[in-house]
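Step one of this worksheet: look at the structure below.
Chains as they are written, first to last, in the working numbering: chain V, 27 to 299; chain P, 83 to 386.
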């Protein structure tokens, strides 16, 4: 009897997480850039309070999918819904550019691999956090200061340097500023695009500790993209494995790592080991 | 049927220096600018006998508005007798037959570089401000296309952030001239490099204001009775320059915006920036029957 390798057969849902209504649902997402099919009929579901890890080799489509989740890009076809208070469950890709921007500013935080993408390098670290609050309409200078201080503190950023420019900071500190900026408005969804890539191992561990603590204390739903299986294994409740723009396997992190079903996943796990 | 039978006989159409089609385009853009207060309207800025950056934007708007019954006042940093102000005023008068004046109360059109007169302007007057850089987002977003998108989205977070950074770095807002201001609750404009002192004069003013940048080919407007609100944090009130206690050394008036002049010994002397107000004050003190209109500021406090 041959083994069924279809993504559906390899999707192993965990009952505890599946009991809640999903926070994020993406259906049949496809995207083509010229001749390159970046995403092919991808389905993704993220439940409140969980950390979903997305792994795959370079070019597998994981960052493209994350950009779709952050509404920075739209697919050729597919639906995307976020279950938010006081909001219809309509397809977010149907929103206008302005509506998408405002929704992202208020409800979605993102930490990029490259801090230059997520930070204004010429402005102070507290100013970077304040910018997000300003977009959301906060107009009191003292409130901006207090909230920026609180978010930076939660990200374990040294407050004595809160007015230093990111360009004067180390890579790890820059990631903490990005993180503070992302969580300043207590977003429903936090997207992390390779947040520890390029950092040395000790700094990587500190950033991961901060993320774990934030997830534990604030119950922030996270989607973590990485090609580092160690990071995913440390952080993720569930894992989605992508290759050539397709989801080849998904399920509980422990199950996927201990008993990978798809040959590509097996190859990934064994390569890591 | 010939072509000439379908057209009007030729006649000169360059009254007021600009040709009719140029003025038609400008009028359309000015009407659009009035319809969407504070929104920058692009226009095909024409050549005028003056270098770009010397008031060509204001001049084109004035030449479009002017007619033989107009009375034109032109000021340069508040002064009627500056070389640039005098030459523009004479040029406008020569090509249109309009009258010239130094008196704000007598003018129907006031073209100004970087000041709003101290005397309150009326409903039947138009203020034309020359603008070097019409884009308030230029400092935070050099890409014009993105800046236009930001205006469309009312995305002024980075402008607010600039003010936040000034308070963080310097303890107060350092923005002097051209203070970014929200017009009618929708578009942020730079009110040309007028001092902070003058920005409240545009708020709910009775007169129509046009702001035009010839080099940048953009014009925008503040219609009468329109809100013009400087961007300020709710716990950091808007402050004008501290000129309330200064006295003009020539006219003796105080409580108005002053020019600071260095004097021997390292000190400063002050002269009222609105030169015609100073002249009228001197004439009045000498007993001449001169009328000084109601002023925006009284004893250094904004009162209009």
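Ideal Cβ positions, reconstructed from N, Cα and C, are used throughout, including at glycine. In this text the structure is predicted, and so the values were computed from the model without any measurement.
Could you name the residues of the same chain whose beta carbon sits closer than 6 Å to that of residue i, not counting the 5 residues immediately before and after it, in chain order?
i: residue 307 (chain P); result: 286
i: residue 127 (chain P); result: 296, 299
i: residue 34 (chain V); result: Here the model assigns residue 34 (chain V) a pLDDT of 49, short of 50, so the residue's position is not dependable, and the following value carries that caveat. Here the set comprises nothing.
i: residue 155 (chain P); result: 183, 189, 192
i: residue 48 (chain V); result: 71, 73
i: residue 328 (chain P); result: 340, 352
i: residue 275 (chain P); result: 196, 259, 260
i: residue 282 (chain P); result: 384
i: residue 137 (chain V); result: 204, 205, 208, 218, 221
i: residue 181 (chain P); result: 153
Got a sec, what are the start and stop residues for the alpha helix (DSSP H) residue i sits in?
i: residue 237 (chain V); result: 227-244
i: residue 23 (chain P); result: The displayed coordinates of chain P run from 83 to 386. Any statement about residue 23 (chain P) would go beyond what the structure contains.
i: residue 70 (chain V); result: Where residue 70 (chain V) is concerned, there is no enclosing alpha helix (DSSP H), although the beta strand (DSSP E) it sits in stretches over 62-72.
i: residue 268 (chain V); result: Run containing residue 268 (chain V): none in the alpha helix (DSSP H); it sits in the beta strand (DSSP E), 264-269.
i: residue 197 (chain V); result: 197-209
i: residue 142 (chain V); result: 141-144
i: residue 365 (chain V); result: With chain V covering 27 to 299 only, the question about residue 365 (chain V) has no answer from this structure.
i: residue 169 (chain P); result: 165-178
i: residue 364 (chain P); result: 357-367
i: residue 352 (chain P); result: Careful: residue 352 (chain P) lies outside any alpha helix (DSSP H), inside the beta strand (DSSP E) at 350-354.
Whole angstroms are fine: how far does the CA of residue j sit from the CA of residue i?
i: residue 217 (chain P); j: residue 313 (chain P); result: 15 Å
i: residue 194 (chain P); j: residue 170 (chain P); result: 10 Å
i: residue 269 (chain V); j: residue 246 (chain V); result: 27 Å
i: residue 109 (chain V); j: residue 95 (chain V); result: 13 Å
i: residue 236 (chain V); j: residue 195 (chain V); result: 18 Å
i: residue 208 (chain V); j: residue 272 (chain V); result: 28 Å
i: residue 235 (chain P); j: residue 124 (chain V); result: 6 Å
i: residue 139 (chain V); j: residue 218 (chain V); result: 8 Å
i: residue 321 (chain P); j: residue 100 (chain P); result: 41 Å
i: residue 92 (chain P); j: residue 177 (chain P); result: 20 Å
i: residue 357 (chain P); j: residue 364 (chain P); result: 11 Å
i: residue 316 (chain P); j: residue 188 (chain V); result: 22 Å
i: residue 206 (chain V); j: residue 151 (chain V); result: 9 Å
i: residue 38 (chain V); j: residue 266 (chain V); result: Since pLDDT at residue 38 (chain V) reaches only 46, below the 50 mark, its modelled position is unreliable, and no value is offered.
i: residue 154 (chain V); j: residue 146 (chain V); result: 6 Å
i: residue 254 (chain V); j: residue 81 (chain V); result: 8 Å
i: residue 198 (chain P); j: residue 335 (chain P); result: 17 Å
i: residue 113 (chain V); j: residue 52 (chain V); result: 17 Å
i: residue 337 (chain P); j: residue 277 (chain P); result: 15 Å
i: residue 257 (chain P); j: residue 275 (chain V); result: 56 Å
i: residue 166 (chain V); j: residue 318 (chain P); result: 8 Å
i: residue 294 (chain V); j: residue 162 (chain V); result: 42 Å
Give the range of the beta strand (DSSP E) segment to which residue i is assigned.
i: residue 132 (chain V); result: Unbroken run through residue 132 (chain V) is the alpha helix (DSSP H), 123-133; no beta strand (DSSP E).
i: residue 15 (chain V); result: Chain V is shown only over 27 to 299; residue 15 (chain V) falls outside these bounds and no answer can be derived.
i: residue 246 (chain P); result: Unbroken run through residue 246 (chain P) is the alpha helix (DSSP H), 239-252; no beta strand (DSSP E).
i: residue 291 (chain P); result: 290-295
i: residue 169 (chain V); result: It is not in any beta strand (DSSP E) - residue 169 (chain V) instead sits in the alpha helix (DSSP H) that spans 167-180.
i: residue 52 (chain V); result: 50-59
Ordered along the chain, which non-local residues of its own chain (more than five positions away) have a Cβ less than 8 Å from that of residue i?
i: residue 208 (chain P); result: 147, 190, 191, 192, 289, 290, 291, 292
i: residue 116 (chain P); result: 290, 303, 305
i: residue 292 (chain V); result: 286
i: residue 58 (chain V); result: 64, 102
i: residue 117 (chain V); result: 105, 106, 107
Quick one: measure Cβ to Cβ for residue i and residue j, integer angstroms, because I've assumed they're closer than 8 Å.
i: residue 64 (chain V); j: residue 50 (chain V); result: Wrong, their Cβ atoms sit about 19 Å apart, outside the cutoff.
i: residue 141 (chain V); j: residue 200 (chain V); result: 4 Å
i: residue 129 (chain V); j: residue 249 (chain V); result: That belief does not hold up - the Cβ atoms of residue 129 (chain V) and residue 249 (chain V) are roughly 16 Å apart, past 8 Å.
i: residue 164 (chain P); j: residue 212 (chain P); result: Rounded, the Cβ-Cβ distance is 12 Å, inconsistent with contact.
For residue i, which of the options has the nearest alpha-carbon?
i: residue 79 (chain V); options: V:263, V:293, V:285; result: V:263
i: residue 390 (chain P); options: P:380, P:274, P:373, P:347; result: This structure does not reach residue 390 (chain P), given that chain P is present from 83 up to 386, and the question cannot be answered.
i: residue 150 (chain P); options: P:362, P:185, P:175; result: P:175
i: residue 120 (chain P); options: P:270, P:345, P:344; result: P:270
i: residue 366 (chain P); options: P:333, P:377, P:160, P:243; result: P:333
i: residue 277 (chain V); options: V:76, V:116, V:58; result: V:76
i: residue 279 (chain P); options: P:266, P:112, P:311, P:267; result: P:311
i: residue 267 (chain P); options: P:204, P:142, P:237, P:343; result: P:237
i: residue 214 (chain V); options: V:180, V:54, V:132; result: V:132
i: residue 261 (chain V); options: V:279, V:296, V:112; result: V:279
In its own chain, which residues sit with a C-beta less than 7 Å from the C-beta of residue i, not counting the 5 before and 5 after it?
i: residue 223 (chain P); result: 229, 232, 240
i: residue 187 (chain P); result: 201, 373, 375
i: residue 156 (chain V); result: 170, 174
Does the ligand ZN have a heavy atom nearer than 7 Å to the CB of residue i?
i: residue 54 (chain V); result: Of ligands this structure carries none, so the ligand ZN is not represented either.
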